[in-house]
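A short worksheet on the structure shown next.
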Amino acid sequence: MKLPDRTPVARRNGVASMHLIVLEMFIVEVIKTSEANSQPIIENKRWRFVLAPKEYFVAPIFAAVPHPGPREVTVQVKIDGQIIERIYLIGGFHPMGGNGHSPALDVRHARAIFSLLSFRDDSFDPAGTRLIRFSFNQLCHRYAESNGGRYAREIKKIMRDLTDSYIRITDVKTGISHSYRLIERLDIEDRPPRRRDAKLARSKQTEMWFSGCTLSPEFAGLLSDIKELQHLKLDVFTSIRSPLAQAIYLYIPSRACHHTDAKPFEITLTKLLDQVSFPKPSQKNRRHKLFCQHAEQNRSIIQQLDGLETLKAIFRVRLVQTNDGTDWKLQAWVEKDQHNRRLLPGNSKLINEWIASGRTREQLDERLANVEPLSEYEGDLFEKAEVRLEGNERFFLLAKAMLRKR
Numbered sequence: 019m020k021l022p023d024r025t026p027v028a029r030r031n032g033v034a035s036m037h038l039i040v041l042e043m044f045i046v047e048v049i050k051t052s053e054a055n056s057q058p059i060i061e062n063k064r065w066r067f068v069l070a071p072k073e074y075f076v077a078p079i080f081a082a083v084p085h086p087g088p089r090e091v092t093v094q095v096k097i098d099g100q101i102i103e104r105i106y107l108i109g110g111f112h113p114m115g116g117n118g119h120s121p122a123l124d125v126r127h128a129r130a131i132f133s134l135l136s137f138r139d140d141s142f143d144p145a146g147t148r149l150i151r152f153s154f155n156q157l158c159h160r161y162a163e164s165n166g167g168r169y170a171r172e173i174k175k176i177m178r179d180l181t182d183s184y185i186r187i188t189d190v191k192t193g194i195s196h197s198y199r200l201i202e203r204l205d206i207e208d209r210p211p212r213r214r215d216a217k218l219a220r221s222k223q224t225e226m227w228f229s230g231c232t233l234s235p236e237f238a239g240l241l242s243d244i245k246e247l248q249h250l251k252l253d254v255f256t257s258i259r260s261p262l263a264q265a266i267y268l269y270i271p272s273r274a275c276h277h278t279d280a281k282p283f284e285i286t287l288t289k290l291l292d293q294v295s296f297p298k299p300s301q302k303n304r305r306h307k308l309f310c311q312h313a314e315q316n317r318s319i320i321q322q323l324d325g326l327e328t329l330k331a332i333f334r335v336r337l338v339q340t341n342d343g344t345d346w347k348l349q350a351w352v353e354k355d356q357h358n359r360r361l362l363p364g365n366s367k368l369i370n371e372w373i374a375s376g377r378t379r380e381q382l383d384e385r386l387a388n389v390e391p392l393s394e395y396e397g398d399l400f401e402k403a404e405v406r407l408e409g410n411e412r413f414f415l416l417a418k419a420m421l422r423k424r
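Take any residue in the sequence shown, count from 1 to its spot, add 18: that is its number in my numbering.
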């Protein structure tokens, strides 16, 4: 493939027009990639960025441990400049009355719902079928990077919970409530065994074929309002081993996002454990031990949380004693500069052109701090152009940050 004619780009007052430079370099990068791969490889890693309702990340909606239910959580959200307070009642009831025995949702259910949402693509119709297609093996791998028997049995039970459990949301000001489930129906077929020599072939039992699920109309409607959604880095979330650390990671970063090392967000361990419905040791030293044990194996709660990536920053935590010495408190903050350094290559022609155009490194850092991951629409454009994203995501994010509107 021939390189394009490198005619001089448009200039204004002796300074190259930045958007044309970026587009030219983008084209050259694409051509180089295509030349290096006679069979273009399309690596779709967009599943790592999952869109879910913002409210799931601003309050402890998901408990740290299994909870027989019901469980109540207060959520405050900002809508059109106004603070709206809502009360979530999760599990333990049915909208039609009676004794509800469905469990409250915990981080296992969060992990499953985020995993299945990672399969949502352009074929998803929130006003129509509301169907998300995936196999059970695919779901197991997204959930746990394994489809072993223990995980498969656990995930089956979790999916049953998601079809049975209701969430009731009450607006505190108006008193109006509405209830919904997350999943309306599982798409399952029972088929004869594929292997004729299997024991099942000589019995009346069948194999379960799982091909996806249908979301409830209410939940699908939430996912259609892009302003009320937020990205989660699914691969980071599923890499956390401790359920307590998972529950903390889902909502404490939203509290810490405007805090720094010098002025961190603070919460006592007593209050934190109450919020995520985790059994609370009565003694101060035992609460401290809960967060620091297994440090010699590099898997304490603090070690699992400290240094994790969020969408736009690095999450930092530490423990300090309260002023009165009666408890420990978790301090949390984010490091946006450190996150930017991970995006920036050491020697970048793109950055050099940015600075040569009269802009500053500080302006670039500011844009990088607020850049969103590649959207589904942008990813589809790359796929149609047969552009290999794997290994080039940092370049494209850098270009996106430079081209974004202020």
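Here a beta-carbon is modelled for each residue, glycine too, at the ideal position from N, C-alpha and C.
Nearest Cα to Ala122 within the set Val68, Leu200 and Arg160: Leu200. Per DSSP, reduced to three states, the secondary structure at Ile97 is strand. Going by DSSP, Asp179 is part of the alpha helix (DSSP H) stretching over Gly167 to Asp182.
Three or more beta-carbon pairs separated by less than 8 Å are not found between the stretch 276-290 and the stretch 68-76, which leaves the two stretches without contact. Classified as buried, Met420 has 16 or more neighbouring CB atoms from the shown chains inside 10 Å of its CB. Leaving aside the five residues that flank Asp279 on each side, the residues in its chain whose CB is nearer than 8 Å to its CB run, in chain order, Arg334, Trp351 and Glu353. Sequence-distant Cβ neighbours of Ser260 in its own chain, meaning closer than 7 Å and more than five residues away, are Ile319 and Gln322. Val93 is classed as buried because its beta carbon has at least 16 other beta carbons within 10 Å across all chains shown. Excluding five sequence positions before and after Val190, the CB atoms of its chain that fall closer than 7 Å to its own CB belong to Glu103, Arg104 and Ile105, given in chain order. Relative to the Cα of His249, the nearest Cα in the group Lys330, Glu284, Cys158 and Ile185 belongs to Lys330.
Between the stretch 296-310 and the stretch 250-258, the count of C-beta pairs closer than 8 Å stays below three; the two stretches do not touch.
Under a 10 Å Cβ-count criterion, Trp346 is classified as buried, with 16 or more other Cβ atoms of the shown protein chains found around its own Cβ.
Using a Cβ distance threshold of 9 Å, Ile258 and Ile270 do not count as a contacting pair. Between Ala82 and Leu262, the CB-CB gap stays under 9 Å.
Inclusion of Ser133 and Ser229 in the CB contact set at 9 Å is not warranted, their separation being larger than that value. Around the Cβ of Gly109, a 10 Å sphere holds 16 or more other Cβ atoms; the residue is buried. The Cβ atoms of Gly99 and Ser183 do not sit closer than 9 Å to each other. Inside the stretch 78-137, DSSP marks whole beta strand (DSSP E) runs of 3 or more residues at positions 89-97 and 100-108, from first to last along the chain.
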